[in-house]
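Under this note's numbering, the first residue of the sequence shown is numbered 328, with each subsequent residue one higher.
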Amino acid sequence: MDDREEILKRVKEEVIALKASPLYKDRVENNYFPVIGEGDHNAKIMFVGEAPGQNEAKTGRPFVGRAGKVLDELLKSIGIERKDVYITNIVKDRPPGNRDPLPEEINIYAPFLDRQISAIKPKVIATLGRFSMQYVMTRYGLDFEVEGISRIHGQVFDTTIEGESVKVVPLYHPAAAIYNQHLLDTLKEDFKILAKL
Ligand code: URA
């Protein structure tokens with residue numbers, strides 16, 4: 328097994344065993360799965376969402392519920408197949424009732440995301456929603472660029488991760504577009520930038 332596969336395997340095993348997480352008990356009590364991430368381990372584009380919802384926790388797969396349908400539609404609109412990208416979240420277990428993730432939850436799971444980024448080495452990281460935007464931009468040297476998502480969505484920020492050039496593109500969360508045609512149109516426009524990159 329090469330380094331990349333080894334790191335991803337370890338991340339998976341460690342998240343599965345993460346009893347220290349405040350969300351672990353809930354996972355076990357509900358027979359939920361952690362959602363580690365899925366897609367091409369050599370992907371050029373990595374999508375980072377927030378946290379699993381109920382459908383994701385029931386299946387162990389990211390973005391399979393209603394927000395996932397929107398993401399699928401957006402990918403299709405730019406001719407990119409889901410299997411060719413990597414999709415994950417910052418928080419790997421479901422926050423109860425789909426509430427926003429708490430800072431301590433982000434703190435405990437974010438190092439796993441960092442290791443996934445380090446293993447997969449994407450050229451483009453597309454953040455979905457304000458939590459992943461905030462985390463990824465702050466973590467990877469773009470803290471001075473962070474503003475409200477309504478101001479910086481669809482912009483391309485250049486940074487360097489472990490010596491490699493990476494473009495970070497903050498996007499609205501697909502769930503926000505479920506009942507909002509205007510946001511869906513905005514997301515579609517922003518996705519065209521990903522296709523260009
Ligand atoms: N919302 C997210 O942020 N991630 C998922 O996997 C599903 C819904």
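Glycine residues also receive a C-beta, built at the ideal position from the N, C-alpha and C atoms. Remember, it's a predicted structure, so these values are computed and weren't measured experimentally.
Going by DSSP, M464 is part of the alpha helix (DSSP H) stretching over 457–466. Taking G392 as the centre and dropping the five residues before and after it, the same chain places the C-beta of G380, Q381, N382, E383 closer than 8 Å to its C-beta, in chain order. Bridge pairing for E340: absent [DSSP].
For E383, the CB falls within less than 7 Å of some heavy atom of the ligand URA. Using a C-beta cut-off of 8 Å, the region 362–369 makes contact with the region 404–417, since at least three inter-stretch Cβ pairs fall below that distance. Secondary structure note for Y413: it is in no alpha helix (DSSP H), and the uninterrupted beta strand (DSSP E) holding it is 413–416. The C-alpha of F390 is placed about 17 Å away from the C-alpha of M460.
Listed by position in the chain, the residues whose beta carbon lies within less than 7 Å of some heavy atom of the ligand URA are V362, G376, E377, A378, P379, G380, E383, P389, F390, G392, A394, G395, N416, L455, G456, H500, A502. DSSP places P501 in the helix class (H, G or I) of the three-state scheme. In this structure the region 467–478 does not touch the region 338–350; the number of beta carbon pairs closer than 8 Å is below three. Rounded to whole angstroms, the separation of the alpha carbons of A446 and D329 is 10 Å.
At a cut-off of 4 residues, the continuous stretches assigned as alpha helix (DSSP H) that sit fully inside the region 473–524 are 476–479, 508–523. If you ignore the 5 residues before and after I435, its C-beta comes within less than 6 Å of the C-beta of S348, all in its own chain and listed in chain order. The way I'd put it, the region 503–518 does touch the region 396–404; three or more beta-carbon pairs between them come closer than 8 Å. Per DSSP, V397 is one residue of the alpha helix (DSSP H) stretching across 393–404. Look at I372 here: in three-state DSSP terms it is strand. Apart from the 5 residues on each side of it in sequence, A370 sits with its Cβ closer than 8 Å to the Cβ of D411, V412, Y413, I447, P449 in its chain, given in chain order. Its chain contains P501, A502 as the residues whose beta carbon lies nearer than 6 Å to that of A394, once the 5 sequence neighbours on both sides are disregarded; these appear in chain order. When rounded, the separation of the alpha-carbon atoms in V495 and G456 is 13 Å.
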